[in-house]
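K.L.:
Sharing a structure, written as structure tokens. Questions coming.
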Ligand SMILES: Cc1ncc(CO)c(N)n1
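Numbering (UniProt numbering), first residue to last: 1 to 224.
Okay, structure coming up:
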């Protein structure tokens, strides 16, 4: 099992069935055995490019909500990783399919996509760094877990590029860094015994809602 820190493991366990629905969604299992229709994958990837634009904005908001130099570094590195690394996967695959970067950028945003990223942004606008991180973490860590699992269990090479991106050292390193950021941000603001704080329940609820929005995102991927 991946180790992405203490708080993430607690929040994931609190989200129970929702986490399972997210990390083992039919879309994911279809990438694992190669049965996911190519059309659905491309549709998902185009939506995910738009997702990453707004997700990068949300991580930029984490720079705004930071209270230490370390927090600013961790958040700005994540912004950079999203914009200059992760989005390359989307641009590269789409280019090979004859979809230009301009076309990709102009992809009409589906409602499930919009709901998710604006929920995350709103958690950040109306709250502090902890509220924002609780909404950001399911996305980052979920793909880290899925990538690692598919790298060891995939029975088809069809979606290998996608799997390797999320199972790879760079992405896994980013997950670890975000796990450390979450643990240290919680400790700084509400103490080492953060799960005993009255805020903990609300943070777990935000985490679970974001997880449910991830389930809807996979479902949207199955319906081009
Ligand atoms: C919907 C979604 N969640 C998480 C990630 C990982 O960054 C992604 N690319 N897309």
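Think of the CB as a built atom: it goes at the ideal place given N, C-alpha and C, for glycine as much as any other residue.
If you draw a straight line from the alpha carbon of residue 206 to that of residue 135, how long is it in whole angstroms?
P.N.:
Your numbering for residue 206 matches position 206 in the chain shown. Your numbering for residue 135 matches position 135 in the chain shown. Taking the straight line joining both Cα atoms gives about 6 Å.
K.L.:
How far does the alpha helix (DSSP H) with residue 157 in it extend, from its first residue to its last?
P.N.:
Against the chain shown, residue 157 aligns to sequence position 157. Run containing residue 157: none; DSSP gives neither H nor E here.
K.L.:
Any idea if residue 95 is buried or exposed, counting beta-carbon neighbours within 10 angstroms, 16 or more meaning buried?
P.N.:
Counted from its first residue, the chain shown places residue 95 at position 95. Looking at its Cβ environment, which holds fewer than 16 other Cβ atoms inside 10 Å, residue 95 is exposed.
K.L.:
Given a cut-off of 8 Å, decide if residue 41 and residue 159 are closer than it, judged by their beta-carbon atoms.
P.N.:
Residue mapping note: residue 159 aligns to position 159 of the chain shown, counting from 1. Residue mapping note: residue 41 aligns to position 41 of the chain shown, counting from 1. A contact, by the Cβ cut-off of 8 Å.
K.L.:
Closest by CA to residue 127, which one among 13, 199 and 86?
P.N.:
Taking the first residue of the chain shown as position 1, residue 127 is located at position 127. Taking each of 13, 199 and 86 in turn and checking the Cα distance to residue 127, the smallest one comes out for 199.
K.L.:
Give the straight-line distance between the Cα atoms of residue 186 and residue 60, rounded to the nearest whole angstrom.
P.N.:
As a first step, residue 186 is located in the chain shown; it is residue number 186 there, counting from the start. As a first step, residue 60 is located in the chain shown; it is residue number 60 there, counting from the start. The C-alpha of residue 186 lies about 19 Å from the C-alpha of residue 60.
K.L.:
Taking one C-beta from the region 20–37 and one from the region 148–162 each time, how about it: are there three or more such pairs within less than 8 Å?
P.N.:
yes
K.L.:
Give the single residue among 141, 174 and 22 whose Cα lies nearest to the Cα of residue 214.
P.N.:
Looking up residue 214 in the chain shown gives position 214. Considering only alpha carbons, the answer is 22.
K.L.:
Check whether the Cβ atoms of residue 19 and residue 89 lie closer than 8 Å to each other.
P.N.:
Counted from its first residue, the chain shown places residue 19 at position 19. Counted from its first residue, the chain shown places residue 89 at position 89. Taking 8 Å as the Cβ cut-off, residue 19 and residue 89 do not qualify as a contacting pair.
K.L.:
With a threshold of 7 Å (Cβ to nearest heavy atom), would residue 4 be considered close to ligand 1?
P.N.:
By one-based count along the chain shown, residue 4 stands at place 4. False, no ligand heavy atom lies under 7 Å from that Cβ.
K.L.:
Considering residue 106, what are the terminal residues of the alpha helix (DSSP H) in which it resides?
P.N.:
For the purposes of this step, residue 106 is taken as residue 106 along the chain shown, with counting starting at 1. Unbroken run through residue 106: none, as it is neither H nor E.
K.L.:
Within its chain, find whatever has a CB closer than 6 Å to the CB of residue 81; leave out the 5 residues flanking it on each side and keep chain order.
P.N.:
Working through the chain shown from its first residue, we reach residue 81 at position 81. Hits under 6 Å: 174.
K.L.:
Beta carbon of residue 52: closer than 7 Å to some heavy atom of ligand 1?
P.N.:
Position 52 of the chain shown, counted from the first residue, corresponds to residue 52. Correct: residue 52 has its Cβ closer than 7 Å to ligand 1.
K.L.:
Could you tell me the alpha carbon to alpha carbon distance between residue 181 and residue 74, rounded to whole angstroms?
P.N.:
One-based indexing of the chain shown puts residue 181 at position 181. One-based indexing of the chain shown puts residue 74 at position 74. Rounded to the nearest angstrom, the two C-alpha atoms are 7 Å apart.
K.L.:
Do residue 146 and residue 166 have their C-beta atoms within less than 8 Å of each other?
P.N.:
Looking up residue 146 in the chain shown gives position 146. Looking up residue 166 in the chain shown gives position 166. Taking 8 Å as the Cβ cut-off, residue 146 and residue 166 qualify as a contacting pair.
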